[in-house]
Amino acid sequence: MNTLKIENLTVSVDNKIILKDFNLTINSGEIHVLMGVNGIGKSTLTKVIMGDPTYKIEEGNIYYNDILLNNMSVDERSRLGIFLGMQLPLEIEGVTNADFLRSALSIREKESFKLFDFIKELDKNVELLDMDKSMIHRGINQGFSGGERKKNEILQMYMLKPSLVMLDEIDSGLDVDSLKVIGDSIYEYYKKYNPGMILITHYERLLDYVKPTHVHIINNGKIERSGDVSLVKEIEENGFKNISSKKFVSTSECIIKEKLKNE
Ligand code: ADP
Ligand code: MG
Numbered sequence: 000m001n002t003l004k005i006e007n008l009t010v011s012v013d014n015k016i017i018l019k020d021f022n023l024t025i026n027s028g029e030i031h032v033l034m035g036v037n038g039i040g041k042s043t044l045t046k047v048i049m050g051d052p053t054y055k056i057e058e059g060n061i062y063y064n065d066i067l068l069n070n071m072s073v074d075e076r077s078r079l080g081i082f083l084g085m086q087l088p089l090e091i092e093g094v095t096n097a098d099f100l101r102s103a104l105s106i107r108e109k110e111s112f113k114l115f116d117f118i119k120e121l122d123k124n125v126e127l128l129d130m131d132k133s134m135i136h137r138g139i140n141q142g143f144s145g146g147e148r149k150k151n152e153i154l155q156m157y158m159l160k161p162s163l164v165m166l167d168e169i170d171s172g173l174d175v176d177s178l179k180v181i182g183d184s185i186y187e188y189y190k191k192y193n194p195g196m197i198l199i200t201h202y203e204r205l206l207d208y209v210k211p212t213h214v215h216i217i218n219n220g221k222i223e224r225s226g227d228v229s230l231v232k233e234i235e236e237n238g239f240k241n242i243s244s245k246k247f248v249s250t251s252e253c254i255i256k257e258k259l260k261n262e
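Here is the structure:
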């Protein structure tokens, strides 16, 4: 059993508080969907779990299997089995997809890394995801369309086999066929490897393929409401503002308003 535990986490970026006293625990085999209006801090949460130094932990702790992550690098966290499929995957010039995955896996697996097995597995997964074979020999995400980048994130997940998977708007910008391939492949991965998962999405459609165990709405820097998949339906039908008792605001907005009031 693997467990991510976030305790009283307060995060700032650019001197604005984005998450405040945030708490969440995720075990293997759980799929947690995070929802909330644009700019509320969903991506911030995933980036701070992954160790992006742009996001500053002001207070609180993040543990994975009781190991404190707060001061660990992205690489160290990745080696613990944590993975982030980003909302806007970056382009990296000069390093091909195949090179990147080979070096990540050979560092991790050391002597047990077998090049032949690696190539076989890469080919199998490229086929599974219905990707163009030439993509693995191109620079990471270079000239890839939005949908191709999202598939590439899932390819990395399949190759690195993380035990904690975070997918940030993996379904945005996909045509219906690609959405099915990606949705099915995420759920296949889940059934095969039993990871803990965080899914960020704005659409019910992805959840036709991937069945969440928990759904949370983020507001005001923390989880405001949790429920099961019926909560997604409620949001879809009524919109965020009708299911919240309060106006949806990010904490940075609150703090700025507070300041203005005092001036
Ligand atoms: P969401 O994913 O919920 O749409 P984000 O987590 O991306 O929201 O952003 C939360 C808030 O933090 C927004 O106001 C956004 O502008 C701000 N923010 C995020 N990253 C940065 C950054 N690198 N520099 C400055 N502000 C940022
Ligand atoms: Mg986001």
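The sequence shown: position 70 = 69 (numbering that gives the first Met the number 0), numbered continuously.
For every residue, glycine included, the Cβ atom is placed at its ideal position computed from N, Cα and C.
Report the option in VAL231, ILE16 and ASN1 whose CA atom is closest to the CA atom of LEU44.
ILE16
Report the residue ranges of all alpha helix (DSSP H) runs contained in full by the stretch 184-240; include only those spanning at least 4 residues, in chain order.
229-237
Hey, ILE39 and LEU8 are a contact pair by Cβ (cut 8 Å); roughly how many whole angstroms apart?
Going by Cβ atoms, the distance from ILE39 to LEU8 rounds to 15 Å, so no, they are not a contact pair.
Report whether the distance from the Cβ of SER184 to the nearest heavy atom of the ligand ADP is below 8 Å.
no
Assuming ASN124 contacts TYR157 under a Cβ cut-off of 8 Å, what Cβ separation, rounded to an integer in Å, is found between them?
4 Å
Note the first and the last residue of the continuous alpha helix (DSSP H) segment covering ASN124.
114-127
What are the start and end residues of each continuous beta strand (DSSP E) run of 3 or more residues lying completely inside the stretch 141-185, in chain order?
163-167
Backbone secondary structure at THR53 - three-state DSSP
coil
Taking Cβ positions, are LEU89 and ARG101 nearer each other than 9 Å?
no
Hey, which residues come within less than 5 Å of the ligand ADP, measuring from Cβ to any heavy atom, in chain order?
VAL12, ASP13, ILE17, ASN37, GLY38, ILE39, GLY40, LYS41, SER42, THR43 and THR53
Which stretch, first to last residue, makes up the beta strand (DSSP E) that contains ASP20?
15-26
N- and C-terminal bounds of the beta strand (DSSP E) containing ASN288:
This structure leaves residue 288 out entirely; the chain is present only between 0 and 262.
Test item: CB-CB of ASP170 and ILE181 under 9 Å
yes
Counting only the same chain and skipping the five closest in sequence on each side, list residues whose C-beta sits under 7 Å from that of LYS70.
A small fix is needed here, since residue 70 is Asn in this sequence, not Lys. So the list is empty, once near-sequence residues are dropped.
Less than 9 Å separating the beta-carbons of TYR213 and HIS31?
First, the amino acid is wrong: residue 213 is His here, not Tyr. Yes.
Quick one: give me the first and last residue of the alpha helix (DSSP H) that ILE106 is part of.
96-108
Between VAL231, GLY50, ILE25 and ASP98, which lies nearest to LEU121 when the distance is taken from Cα to Cα?
ASP98
How about ASP129 and LYS150: do their beta carbons lie closer than 9 Å?
yes
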